[in-house]
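Trainee:
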Amino acid sequence: MINIDNITKSYNGNYKAVDDLNLEIKDGEIFGLLGPNGAGKTTTIKMITGIIAPTMGNIEINGININKEPVKAKEQFGYVPDSPDMFLRLKGIEYLNFMADVYGVSIEDRLTRINEMSQRFEMSSVIGDKIQTYSHGMRQKIVLMGVIIHRPKVWILDEPMTGLDPKSSFILKEMMREHADAGNTVLFSTHVLEVAEKVCDKVAIINKGQLIFNGTLDNMRNEFKANESLEEMFLEMTGNE
1 MINIDNITKS
11 YNGNYKAVDD
21 LNLEIKDGEI
31 FGLLGPNGAG
41 KTTTIKMITG
51 IIAPTMGNIE
61 INGININKEP
71 VKAKEQFGYV
81 PDSPDMFLRL
91 KGIEYLNFMA
101 DVYGVSIEDR
111 LTRINEMSQR
121 FEMSSVIGDK
131 IQTYSHGMRQ
141 KIVLMGVIIH
151 RPKVWILDEP
161 MTGLDPKSSF
171 ILKEMMREHA
181 DAGNTVLFST
191 HVLEVAEKVC
201 DKVAIINKGQ
211 LIFNGTLDNM
221 RNEFKANESL
231 EEMFLEMTGN
241 E
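In structure tokens:
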């Protein structure tokens, strides 16, 4: 579970990238964070993960305050950033073992998990190659494998489908559903509204740093009193034509 209470992020004491945001993301949910470019999605995710501190407000992950107990809170989640270009000089297997070491995963457990994920994402044949030789999609997959190797209850994914081929995208959506159905939490941001419409249990729409909708797609349709697509409702709410 993720609790976001009255979060604000100001820059230069003036501009508010995120303005008094409140969200509760429950266990068992796939929760989509939507919004146009510059809306505050990535800033919100960086505050949730402890990369940047909020100007005001509190964030708890499974009841642990990310700012007061950062290490303990970060043990609760796996985070996939919006760019997979990291640890490029390491081999795929070296990166996975490094991440397993960071989270204290036993040798036996990591071998089993690496084997399972490599097969599922069709990475077995390149796991011994350097990450810098990977395509963008392959880098995205190896980063994803690394952040979930310790089986965190909370997944936080920033634009996770970017660069993935259709099959890998399908597998990731399948894994997200399995993770949520097991009573865990999945938060992801996306620009691909069709993905959100098909995958999410709930969505929040942020525009200019402010929350303008939070609920299910049925809630949204009832609010609009129309059987519109998510794209049509999104454009109407954010004023993008």
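Residue numbers (UniProt numbering): 1 to 241.
All C-beta atoms in this analysis are idealised placements derived from N, C-alpha and C, irrespective of residue type, glycine included.
Consult DSSP for F213 and reduce its assignment to one of helix, strand or coil.
Mentor: strand
Trainee: Out of I48, G92, G38, state which residue places its alpha-carbon closest to the alpha-carbon of N6.
Mentor: I48
Trainee: Do the region 179–193 and the region 29–40 meet, that is, are 3 or more Cβ pairs less than 8 Å apart?
Mentor: In the pairwise beta carbon analysis, the region 179–193 is classified as touching the region 29–40: at least three pairs are separated by under 8 Å.
Trainee: What first and last residue would you give for the beta strand (DSSP E) that runs through N6?
Mentor: 2–11
Trainee: So, for D165: in the same chain, excluding its five sequence neighbours on each side, which residues have a beta-carbon less than 7 Å away from its beta-carbon?
Mentor: Here the set comprises G137.
Trainee: By alpha-carbon positions, which one of L211, I52, K173 ends up nearest to E194?
Mentor: K173
Trainee: Using a Cβ-Cβ cut-off of 8 Å (strictly less than) and excluding sequence neighbours within five positions of E29, which residues of its own chain qualify?
Mentor: Within the same chain, E29 has close Cβ partners A180, T185, V186, D201, K202.
Trainee: Looking at C-alpha atoms only, which residue of A73, L230, N22 is the closest neighbour of K153?
Mentor: A73
Trainee: Can you tell me whether D85 is helix, strand or coil according to DSSP?
Mentor: coil
Trainee: Here's a check: name, in chain order, each residue in its chain whose Cβ is nearer than 6 Å to the Cβ of P70, leaving out the five neighbours to either side.
Mentor: G50
Trainee: Express the C-alpha separation of E94 and V126 in angstroms, rounding to a whole number.
Mentor: 12 Å
Trainee: Please check the pair K9 and P54, which I expect to be a contact at CB under 8 Å, by giving their CB distance rounded to whole angstroms.
Mentor: 6 Å
Trainee: Kindly indicate which three-state DSSP category N58 falls into: helix, strand or coil?
Mentor: strand
Trainee: Within the chosen definition, does the region 104–117 reach the region 142–158 through at least 3 CB pairs nearer than 8 Å?
Mentor: Below 8 Å, enough C-beta pairs join the region 104–117 and the region 142–158 to call them touching: three or more.
Trainee: Roughly how far, in whole angstroms, is the beta-carbon of N3 from the beta-carbon of E24, given that I think they are within contact range, below 8 Å?
Mentor: Right, their Cβ atoms sit about 6 Å apart.
Trainee: With a 10 Å radius around its C-beta and 16 neighbouring C-beta atoms as the bar for buried, classify G78 as buried or exposed.
Mentor: buried
Trainee: Within 10 angstroms of the Cβ of F121, are there 16 or more other Cβ atoms? Answer buried if so, exposed if not.
Mentor: buried
Trainee: What do you get for F224, buried or exposed, if any count of 16 or more other CB atoms within 10 angstroms of its CB means buried?
Mentor: exposed
Trainee: Rounding to the nearest angstrom, what Cα-Cα distance links I61 and Q76 in this structure?
Mentor: Taking the straight line joining both Cα atoms gives about 7 Å.
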